[in-house]
Amino acid sequence: MNTMTHALRVGLRRGGLEVRHTFTNSQDLWNYLFPTLIFLVVMFFMRDAAVPGTDFSLGTRTLPSLIGMNVVFSGMVTLMMSLALEREDGTLLRAKAVPNGMLGYLVGKIVLVAGMMLVSVAIVMIPSVFMLDGLALDSVTAWLTLVWVMVLGLVATLPLGAVFGSLFTNPRNAGVIMLPVMGLVAISGIFYPISSFPDWLQGVAQVFPVYWLGLGMRSAMLPADLAAVEIGESWRHLEMVGVLGAWTVVGFVVAPWVLRRMARKESGSNVAQRRERAMQRVT
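Counted from 1, the sequence shown has number 136 at position 136 by full-length UniProt numbering; the numbering is strictly sequential.
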């Protein structure tokens with residue numbers, strides 16, 4: 001067995017163990033449940049409101065948009081925070097010291113992020129199916145669309161999480177990226193159709209993955225006639241593949257370079273300095 005194959009197997013095993021660990025960690029469980037409760041409450045109170053120009057439930061329309069947002073948060077924010085935290089505690093330095101250790105580390109993180117995303121999506125979807133009316137997940141095509149949009153969205157956002165996580169030496173500073181992310185969520189039609197926004201704001205939203213993931217999830221989970229309230233009165237799958245594909249290409253070009261640069265800078269003295277600063281903040 002060559003070292004690369006071994007690293008892949010170790011990464012898969014590590015990722016599986018980390019996913020299992022999240023179910024025994026009270027903090028992780030709270031991170032799953034608390035946002036879900038908020039989302040369910042939001043959709044409950046929106047269920048009797050109607051999408052403008054239709055009699056379709058705004059709460060039902062919001063569910064796939066929230067799932068698309070969840071994919072973005074899983075792919076980008078979860079990986080970003082993991083890299084920032086494990087850079088500080090020396091985990092990345094230990095991975096760097098092993099042949100192909102960074103490959104195994106990243107494979108493990110991909111498994112962890114994908115597992116956490118699936119769990120988060122299930123926690124939101126299962127009660128929503130009973131609470132909301134009008135979902136159209138009654139065909140093989142709908143489920144296939146749900147899967148390929150989710151996979152493409154994760155592939156497009158994971159490199160972004162790796163890039164941002166590599167830029168922060170202090171994990172507490174990584175939270176600043178949440179402000180622009182939440183701003184993008186606000187203008188990306190997650191809670192309200194983007195077609196009601198000014199044209200220039202619609203243009204800004206369509207540059208980023210959040211809007212397209214929400215649109216893709218809506219195309220999979222909602223009736224076809226709901227496309228009438230979208231831009232161009234269409235689900236625009238080709239444009240969606242083009243934008244998410246472009247982000248994927250850019251991410252996979254930039255992320256390896258940034259990660260290699262970060263790994264070269266890692267040393268025992270740097271880790272010790274970061275730990276000392278962290279201890280000073282605690283005391």
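We treat Cβ as the ideally placed atom computed from N, Cα and C, and that holds for glycine.
As the structure is a computational prediction, the values presented were derived from the model and not from experiment.
Note down the Cα distance separating residue i from residue j, rounded to an integer number of angstroms.
i, j, result
"HIS237", "ARG94", "42 Å"
"ARG61", "LEU132", "9 Å"
"VAL19", "ALA122", "15 Å"
"SER139", "THR91", "44 Å"
"VAL111", "LEU154", "11 Å"
"HIS6", "VAL113", "21 Å"
"GLY101", "GLY115", "21 Å"
"VAL147", "PRO209", "16 Å"
"TYR192", "VAL51", "8 Å"
"ASP199", "GLU230", "13 Å"
"LEU106", "PRO256", "11 Å"
"LEU259", "VAL249", "16 Å"
"ASP225", "SER57", "13 Å"
"VAL163", "THR141", "34 Å"
"PRO180", "TRP143", "31 Å"
"VAL253", "SER196", "35 Å"
"GLY59", "GLY251", "33 Å"
"THR54", "PHE23", "41 Å"
"ASN31", "PHE44", "20 Å"
Does the distance from the C-beta atom of residue i to that of residue j stay below 8 Å?
i, j, result
"residue 285", "SER120", "No information on residue 285 is available, as it lies outside the stretch 1 to 283 that the chain covers here."
"MET117", "VAL71", "yes"
"LEU213", "GLY11", "no"
"THR145", "SER219", "yes"
"MET76", "GLY16", "no"
"LEU79", "LEU158", "yes"
"LEU152", "LEU244", "yes"
"GLN202", "ILE190", "no"
"PRO99", "THR3", "yes"
Check the DSSP bridge columns for residue i and list the partner residues they point to.
i, result
"SER57", "ALA50"
What residue range is occupied by the uninterrupted alpha helix (DSSP H) comprising residue i?
i, result
"MET131", "101–131"
"PRO209", "209–221"
"VAL10", "3–22"
"ASP199", "199–205"
"GLY161", "140–167"
"VAL181", "178–187"
"MET76", "No alpha helix (DSSP H) contains MET76, which DSSP labels as neither H nor E."
CB-CB under 6 Å to residue i, same chain, minus the five flanking residues each way: which ones, in chain order?
i, result
"MET221", "PRO64, LEU135, LEU137"
"LEU103", "ALA7"
"ARG14", "GLY108"
For residue i, which residues from the same chain have a beta carbon less than 7 Å from its beta carbon, with the 5 sequence-adjacent residues on both sides left out?
i, result
"TRP247", "ALA156, PRO209"
"ALA235", "In the sequence as displayed, the identity of residue 235 is Trp instead of Ala. Closer than 7 Å at the Cβ level, and outside the excluded window around TRP235, lie LEU215, SER219, ALA227."
"ILE187", "PHE197, LEU201, VAL204, ALA205"
Output needed for residue i: all residues of its chain with C-beta closer than 8 Å, excluding positions within five of it in sequence on either side, in chain order.
i, result
"GLY40", "A small fix is needed here, since residue 40 is Leu in this sequence, not Gly. Cβ neighbours of LEU40 beyond the five flanking positions: VAL124, PRO127, SER128, MET131."
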